[in-house]
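Written below as structure tokens is the structure these notes are about.
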């Protein structure tokens, strides 16, 4: 497990984060409904090359969860900007997945953050997006938040299983379920789904174009949440190159093929050295 011993209060939200390794900075940004623990099998492979910063998005993982909290994509890029400032980073390498991809892109195009390189995979970036579960929960979030815990846990575990191509281990399921269990966690899980709004990608999508740094777009070839065609489209827009499909991987590449992510990052940072 990755340790997150540090807390920063950003716009009234307590954000938990950690740092490890040695070398130039690399920032890892997770997606939904996960946490920075998605990097637990990847970070140790990079610590001899990079100082790695990782954090839990507002309303996720070990970061603060509370009633009435704004945990939408509209705030996550602002949090990223504040963390860059606190950490004193200029043009770090960035590794981003799912909502982390949207966060990195929003921060680049809307807030002027700049990266040394960007490795982005299975990202929420192009419309339309949002699973059938997301659409249904958004209509009935209060009812879901108040359902009996055993029903919530059963649905949560079933939902998480669809993120991976291979069967998730019990350890992985427990790690990803843990933040969302209990009165606070259960409410927070449905809160973040209720606030998933395509408007946050629609407002930045027209700005997409080549970044001023090397970009690698990867995609799980068996992603059931966001089809690989979206990866190819995004890659062409951001880099003018083809997307790298990862065989035997679904949306949660960190569990299915962590070595593919490590290899992509090492290739990226070696090329830009």
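Residue numbers (the numbering used here): 8 to 280. For glycine and all other residues, C-beta sits at the position ideal for the given N, C-alpha and C. Values in this document were obtained by computation on a predicted structure and should not be read as measured data.
| Item | Value |
| --- | --- |
| Counted within 10 angstroms of its Cβ, other Cβ atoms place residue 254 as buried (16 or more) or exposed | exposed |
| Option in 234, 32, 43 and 121 with minimal Cα separation from residue 55 | 32 |
| Own chain, CB closer than 8 Å to residue 180, minus 5 neighbours either side, in chain order | 164, 167 and 168 |
| Helix, strand or coil at residue 173 according to DSSP, with G and I counted as helix | coil |
| Neighbour flag for residue 69 against chain D, beta carbons, 8 Å | No chain D appears in this structure, which consists of one protein chain only. |
| Beta-carbon gap between residue 225 and residue 269 smaller than 8 Å | no |
| Nearest-angstrom Cα separation, counted from residue 218 out to residue 153 | 44 Å |
| Per DSSP, the bridge partner or partners of residue 13 | 24 |
| Among 74, 28, 63 and 25, the one whose alpha carbon lies nearest that of residue 191 | 74 |
| C-beta atoms of residue 107 and residue 172 nearer than 8 Å | no |
| C-beta atoms of residue 134 and residue 39 nearer than 8 Å | no |
| N-terminal and C-terminal residue of the beta strand (DSSP E) that residue 116 is part of | That residue, residue 116, is in no beta strand (DSSP E); its alpha helix (DSSP H) goes 106–118. |
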